[in-house]
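Participant: Using UniProt numbering, read the sequence shown as starting at 1 and increasing by one per residue.
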Amino acid sequence: MSGLRSSQVAAAAGVNPQTLRYYERRGLLAEPDRSLGGHRLYPAEAVTVLRVIKAAQGLGFTLDEVADLLDAGQHRHGRHADAGLRVRAQTKLAEVEAKIADLQVIASTLRAAVDAGCDDLVACAGQPCCPIPFATITVRGVLDAEDR
1 MSGLRSSQVA AAAGVNPQTL RYYERRGLLA EPDRSLGGHR LYPAEAVTVL
51 RVIKAAQGLG FTLDEVADLL DAGQHRHGRH ADAGLRVRAQ TKLAEVEAKI
101 ADLQVIASTL RAAVDAGCDD LVACAGQPCC PIPFATITVR GVLDAEDR
């Protein structure tokens with residue numbers, strides 16, 4: 001029997017050997033053959049699969065999404081139009097762009113807080129010039145409570 005042992009595959013892919021077993025349990029990596037001594041023997045393509053998994057995770061795909069992508073790749077014939085990488089990448093891109101927009105608002109608000117010299121969150125929240133969005137909610141909440 002020929003193949004790569006767990007430690008060889010893990011080293012070549014830049015992952016921990018326990019990661020191999022975890023991905024096997026998750027169904028991301030096919031269960032390997034075993035040597036007569038019981039050692040796992042992976043095909044060389046296992047290294048590529050691991051690199052693909054890690055790259056997809058780096059692009060923001062969850063392990064469940066990666067599993068779906070790998071499954072779609074194995075069943076190319078008769079797959080649905082929404083099962084492929086292109087559509088899923090477009091969806092992930094939209095999610096990432098939405099997160100970027102949210103982070104830009106957060107960064108802008110934090111810049112304004114720094115520029116305004118906000119040193120005390122509670123004190124700043126009570127000031128009308130506070131750039132942090134909850135300041136108006138806090139003021140409104142206090143005013144509403146006083147009106148009761």
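For glycine and all other residues, C-beta sits at the position ideal for the given N, C-alpha and C.
Whole alpha helix (DSSP H) runs in the UniProt domain "HTH merR-type" (3-72) with 4 or more residues, listed along the chain?
Facilitator: Taking only runs of at least 4 residues, the alpha helix (DSSP H) segments lying wholly in the UniProt domain "HTH merR-type" (3-72) are 6-13, 17-26, 45-58.
Participant: Compute the beta-carbon to beta-carbon distance between G3 and P43, rounded to the nearest angstrom, for a pair I have assumed lies under 8 Å.
Facilitator: Right, their Cβ atoms sit about 6 Å apart.
Participant: Taking C-beta to C-beta, are I53 and L28 nearer than 9 Å?
Facilitator: Cβ atoms of I53 and L28: closer than 9 Å.
Participant: Of the residues L69, A13, E65, which one's Cα is nearest the Cα of L50?
Facilitator: Among L69, A13, E65, the Cα nearest to that of L50 belongs to A13.
Participant: Helix, strand or coil for A135 per DSSP?
Facilitator: Unreliable placement is indicated for A135, whose pLDDT of 43 sits below 50; the coordinate value is still reported in the next sentence. A135: helix per DSSP, three-state reduction.
Participant: In angstroms, rounded to a whole number, what distance separates the CA positions of Q18 and E65?
Facilitator: C-alpha separation (whole angstroms): 21 Å.
Participant: What's the gap between the Cα of S35 and the Cα of N16?
Facilitator: About 21 Å.
Participant: Taking the straight line between their C-alpha atoms, what separation do you get for Q8 and E97?
Facilitator: Each residue's Cα considered, the two are about 38 Å apart.
Participant: How many angstroms separate the CA atom of T48 from the CA atom of A10?
Facilitator: The straight-line gap from Cα to Cα measures roughly 11 Å.
Participant: Expressed to the nearest angstrom, what Euclidean distance is found between the alpha-carbon atoms of V114 and G126?
Facilitator: Between V114 and G126, the C-alpha separation is close to 16 Å.
Participant: Kindly examine the ligand FAD and report whether one of its heavy atoms sits closer than 8 Å to the Cβ of V47.
Facilitator: Looking for the ligand FAD in the displayed structure turns up nothing, as the structure carries no ligands at all.
Participant: Do R86 and D68 have their CB atoms nearer than 9 Å?
Facilitator: It is not a contact, given that the beta carbons lie outside the stated cut-off.
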